[in-house]
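Asks: So the protein lines, in turn, are chains A and B. Letter 101 of the first sequence, counting from 1, is numbered 592 in this note's numbering, and no numbers are missing. Letter 16 of the second sequence, counting from 1, is numbered 507 in this note's numbering, and no numbers are missing. Glycine is no exception: its CB is placed at the ideal position from the N, C-alpha and C atoms. Below you'll find the structure I mean.
There are 2 protein chains.
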Amino acid sequence: MIGRTVVATTQAGVADVRSRRREQTRTEILEAAWGLSARRGIAGLSLRELAREVGMQAPSLYTYFDSKAAIYDAMFAAGYRQLDVALADIEPSDDPVDAIATAIEGFIAFCAANVPRYQLLFTRAVPDWAPSPAAYAVSVASYERMTALLADIGIERQEDIDLMTALSSGMAAQQLANDPGGDRWQQLSRDAAEMYIAHVRSRP
Amino acid sequence: MIGRTVVATTQAGVADVRSRRREQTRTEILEAAWGLSARRGIAGLSLRELAREVGMQAPSLYTYFDSKAAIYDAMFAAGYRQLDVALADIEPSDDPVDAIATAIEGFIAFCAANVPRYQLLFTRAVPDWAPSPAAYAVSVASYERMTALLADIGIERQEDIDLMTALSSGMAAQQLANDPGGDRWQQLSRDAAEMYIAHVRSRP
DNA sequence: GTCTATACATCGATAGAC
DNA sequence: GTCTATCGATGTATAGAC
Chain A
492 MIGRTVVATT QAGVADVRSR RREQTRTEIL EAAWGLSARR GIAGLSLREL AREVGMQAPS
552 LYTYFDSKAA IYDAMFAAGY RQLDVALADI EPSDDPVDAI ATAIEGFIAF CAANVPRYQL
612 LFTRAVPDWA PSPAAYAVSV ASYERMTALL ADIGIERQED IDLMTALSSG MAAQQLANDP
672 GGDRWQQLSR DAAEMYIAHV RSRP
Chain B
492 MIGRTVVATT QAGVADVRSR RREQTRTEIL EAAWGLSARR GIAGLSLREL AREVGMQAPS
552 LYTYFDSKAA IYDAMFAAGY RQLDVALADI EPSDDPVDAI ATAIEGFIAF CAANVPRYQL
612 LFTRAVPDWA PSPAAYAVSV ASYERMTALL ADIGIERQED IDLMTALSSG MAAQQLANDP
672 GGDRWQQLSR DAAEMYIAHV RSRP
């Protein structure tokens with residue numbers, strides 16, 4: 492009985508180690524994928540190059556991901572989880588203008604920190620790929636956490652939420668496209684927040 | 492003498508016809524390119540498929556364009572010229588809110604009317620391609636015409652212009668990404684314009 | 001689990017006949 | 001100006017040895 496228990500424990504332990512190694516390798520592959528995408532654009536990601544980057548041959552990648560689409564899917568979900576972390580990091584404020592200004596500034600910083608991630612999450616830059624239902628669900632959850640934050644400062648009308656997403660995404664898009672590496676739009680975050688809050692408050 | 496004159500005229504006429512045919516074929520190729528991009532995305536454009544679409548073999552395209560990049564370049568410049576036409580079509584208004592609302596709505600409609608054109612002009616969706624200096628100059632001219640329109644209604648500060656481009660591009664981006672074919676953000680154009688004008692007027 | 005080898009398609013672009 | 005033929009490379013994916 493003792494022997495069987497020991498054996499079972501050992502097998503579980505080995506499986507556990509293997510599972511952890513596997514997950515670690517998957518993470519390593521994804522990080523290399525972000526790095527390559529930064530050079531070639533998110534749509535220019537190549538499996539041969541990706542394999543070379545992590546010291547494998549291309550076919551070995553299929554041990555960890557079913558397809559290239561599965562890699563994009565994992566990147567997409569990871570990107571949204573990172574967005575959640577970034578949004579959670581924003582210190583709450585009683586002042587709505589403060590809260591919105593910090594949120595917009597944080598969002599621009601998030602997008603600027605990793606351009607291919609921005610492309611993957613918020614544009615349709617990858618031909619012939621769309622997030623799987625599972626990956627899409629992660630993005631929906633993220634959106635709902637964002638609307639919860641807005642609700643905290645009394646913003647709940649759909650039009651106001653839509654205006655907020657448009658403003659944020661537009662600020663980020665302009666920053667990345669027309670002043671990459673700079674802060675021309677980022678420094679307008681408070682300006683934009685004042686504009687937005689004044690408008691929301693003026694509702695009938 | 493008469494003979495020589497006639498011959499010269501005839502040769503000029505032939506050259507003229509050839510030049511016009513050539514330009515016509517170039518236009519036909521570009522239009523087919525927009526059509527294909529609508530199916531595969533702007534980054535998914537293929538020369539073989541494009542050639543098939545216009546009834547040629549792929550190498551024949553090189554008679555009309557030096558490279559695939561040259562095709563993207565021509566599309567980029569043509570797209571900005573179309574944007575100018577769309578903006579010129581906007582009826583001027585003495586009411587700033589009217590003017591801005593119409594401009595935003597028109598811009599969203601322009602982007603929604605041709606998604607690959609939006610991708611090519613306003614995102615970096617094509618890997619390993621950027622507009623040539625000549626094509627980029629066309630976009631700068633277009634931007635300057637836009638700022639001239641804003642100046643007409645008293646908006647001249649760079650921050651206000653930057654806020655306007657962010658708002659417009661964000662509204663269009665959200666419309667295309669999250670409600671393609673609908674009008675969820677387009678119908679917020681007046682709302683956005685009121686927000687923007689109220690803010691600009693509140694400047695110290 | 002990783003490798004070599006390879007299948008099979010497609011890509012942009014060029015050479016040279018007609 | 002258009003064609004056929006082809007180059008060299010890349011793409012994703014699979015088979016089978018070790």
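Can you list, in chain order, the residues of its chain whose CB lies under 6 Å from that of A/Arg681, leaving out five sequence neighbours each side?
Replies: Excluding residues within five positions, the ones whose Cβ falls inside 6 Å are Ala592.
Asks: Could you give the DSSP three-state label for A/Gln522: helix, strand or coil?
Replies: Per the sequence shown, residue 522 of chain A should be read as Glu rather than Gln. Helix at A/Glu522.
Asks: Under 9 Å, Cβ to Cβ, is there at least one residue of chain A near B/Leu679?
Replies: True, the Cβ-Cβ gap to chain A drops below 9 Å.
Asks: Under the three-state reduction of DSSP, which class applies to B/Thr656: helix, strand or coil?
Replies: B/Thr656 falls in the helix class under three-state DSSP.
Asks: Closer than 6 Å by C-beta to A/Pro587: which residues in its own chain qualify, once you throw out the five before and the five after it? Chain order, please.
Replies: If we look at A/Pro587 and ignore the five residues flanking it on each side, its Cβ neighbours are Ile644, Ile688.
Asks: Using CA coordinates, which residue listed in B/Tyr555, B/Leu640, B/Asp557, B/Ala603 is at the minimum distance from B/Asp580?
Replies: Selected option, being the one with the closest Cα: B/Leu640.
Asks: Assess, as a yes-or-no matter, whether the stretch 542-550 of chain A is touched by the stretch 595-604 of chain A under the definition of 3 or more beta carbon pairs within less than 8 Å.
Replies: The stretch 595-604 of chain A, when compared against the stretch 542-550 of chain A, does not touch it at the 8 Å Cβ threshold.
Asks: Do three or more CB pairs link the stretch 603-623 of chain B to the stretch 611-623 of chain A at distances below 8 Å?
Replies: A contact exists between the stretch 603-623 of chain B and the stretch 611-623 of chain A.
Asks: Where does B/Glu596 land, buried or exposed, given buried means 16+ other C-beta within 10 angstroms?
Replies: Buried, because 16 or more other Cβ atoms sit within 10 Å of the Cβ of B/Glu596.
Asks: Determine whether the Cβ of B/Glu685 lies closer than 9 Å to any Cβ atom of chain A.
Replies: So yes, B/Glu685 belongs to the interface.
Asks: Can you name, in chain order, every residue of its own chain whose Cβ lies under 7 Å from the Cβ of B/Phe567, other than the five neighbours on each side?
Replies: Correct list, in chain order: Leu611, Leu612, Pro622, Ala626.
Asks: Does chain A have any CB closer than 9 Å to the CB of B/Val497?
Replies: Per-residue confidence for B/Val497 stands at a pLDDT of 48, beneath the threshold of 50, marking its modelled position as unreliable; no derived number is given.
Asks: Is B/Met662 close to chain A? Criterion is C-beta to C-beta, closer than 9 Å.
Replies: B/Met662 counts as touching chain A.
Asks: For a test of the three-state rule: what should DSSP assign to B/Pro624, helix, strand or coil?
Replies: Reduced to three states, the DSSP call for B/Pro624 is helix.
Asks: Put B/Asp670 into one of helix, strand or coil per three-state DSSP.
Replies: In the structure shown, B/Asp670 sits in coil (DSSP, three-state: anything other than H, G, I, E or B).
Asks: Got a sec: is the Cβ-Cβ distance from B/Asp653 to anything in chain A below 9 Å?
Replies: So yes, B/Asp653 belongs to the interface.
Asks: Check distances from the C-beta atoms of the stretch 601-624 of chain B to those of chain A and list, in chain order, the residues that come in under 9 Å.
Replies: Listed in sequence order: Val606, Gln610, Phe613, Thr614, Arg615, Ala616, Val617, Pro618, Asp619.
Asks: Does the distance from the CB of A/Leu552 to the CB of A/Leu538 come in under 9 Å?
Replies: Yes.
Asks: With H, G and I counted as helix, E and B as strand and the rest as coil, what does DSSP make of B/Arg531?
Replies: Looking at B/Arg531 - three-state DSSP - the assignment turns out to be helix.
Asks: What is the DSSP secondary structure of B/Thr554, counted as helix, strand or coil?
Replies: In the structure shown, B/Thr554 sits in a helix (DSSP, three-state: H, G or I).
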